[in-house]
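Residue numbers (this note's numbering), protein chains in the order written: chain A, 422 to 537; chain B, 1043 to 1156.
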């Protein structure tokens, strides 16, 4: 079984300030972790993923996330937020069920609002 | 690369109509396609997983006779909402993936049943 929790429904941050969107997970075995962003009336866009290797993962649009095994967390971060970063962010987790085939479980989503 | 096209993006129709939504992987062959339903301000609910040439695997609680999925080729999957009713109104999103790769999502279809 696998699950993912995004404890915050909404995160508010001022433009130019650093942002963090939290994600914790539970999975049997080694996790595959993902972050996606969704703009209104659009599908999900892939931001970054952790499969193995360096715990700090860099992704699109200046976002990064740090895999912390002891805390089972994969928080999304950005050093300086932009108003255009305002969107819905989804964390997802899966594990390699069989030779590279996996079906992620998505968190409930966190609405990021960046104020000018 | 890895573009997924979903069509139509918005459809409004009368109750009792059947509606077909297409999901195409434009520049890669998708071994697996997924169909999700998303309610306002909520996460994605996985409806079914389909592999090319085989029957879709539906999640618990999803009516397979209501939501018909066809995955006829490695680049096309369709979701048909049969005899749609207002409670079927929702945002439907497809995704596609290759073996060992992450999912690529379409832009979604907003279905409104009057």
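Where a beta carbon is used, it is the ideal one built from N, C-alpha and C, also for glycine.
Just so you know, these numbers come straight off a predicted model, no measurement behind them.
Length of the line joining the Cα atoms of residue 1067(B) and residue 1050(B): 15 Å
Run through DSSP, which three-state label would residue 460(A) get? coil
Buried/exposed call for residue 501(A), threshold 16 Cβ in 10 Å: exposed
Can you confirm whether residue 1144(B), when its beta carbon is compared against all beta carbons of chain E, has any partner nearer than 8 Å? Annotation note: the requested chain E is absent from the structure, which comprises protein chains A and B.
Distance cutoff 8 Å, beta carbons only. Does residue 1079(B) sit that close to anything in chain A? no
Determine the direct distance from the alpha carbon of residue 478(A) to that of residue 433(A), and round the result to whole angstroms. 23 Å
Would DSSP call residue 1096(B) helix, strand or coil? coil
When you compare the CB positions of residue 510(A) and residue 425(A), do they come within less than 8 Å of one another, or not? no
Considering Cα atoms alone, identify which of 1088(B), 1139(B), 1153(B), 1154(B) is closest to residue 1046(B). 1139(B)
Looking at residue 448(A) and residue 533(A), is the spacing between their C-beta atoms short of 8 Å? no
Who are the neighbours of residue 524(A) on chain B, taking C-beta pairs under 8 Å? 1076, 1088, 1091
Can you name the start and end residues of the beta strand (DSSP E) that residue 1120(B) belongs to? 1118-1123
Between which two residues does the beta strand (DSSP E) containing residue 423(A) stretch? 423-426
Compare the C-beta of residue 527(A) with all C-beta atoms of chain B and state if any pair is closer than 8 Å. yes
Name, please, each residue of chain B whose Cβ falls closer than 9 Å to the Cβ of residue 462(A). 1051, 1052, 1133, 1149, 1150, 1152
Look at the alpha carbon of residue 1107(B) and the alpha carbon of residue 1059(B), and state the distance between them as a whole number of angstroms. 14 Å
Whole-angstrom distance between residue 1135(B) and residue 1095(B), CA atom to CA atom: 21 Å
Among 1090(B), 1144(B), 1151(B), nearest to residue 455(A) - alpha-carbon criterion: 1144(B)
In whole angstroms, what separates the C-alpha of residue 531(A) from that of residue 430(A)? 5 Å
Could one say the Cβ of residue 467(A) lies closer than 8 Å to chain B's Cβ atoms, at least one of them? yes
Under a Cβ-count criterion, where at least 16 other Cβ atoms within 10 Å of its own Cβ denotes burial, should residue 475(A) be classed as buried or exposed? exposed
Residue of 1156(B), 1152(B), 1083(B), 1062(B) minimising C-alpha distance to residue 1118(B): 1062(B)
Chain B partners of residue 470(A), CB-CB under 8 Å? 1144
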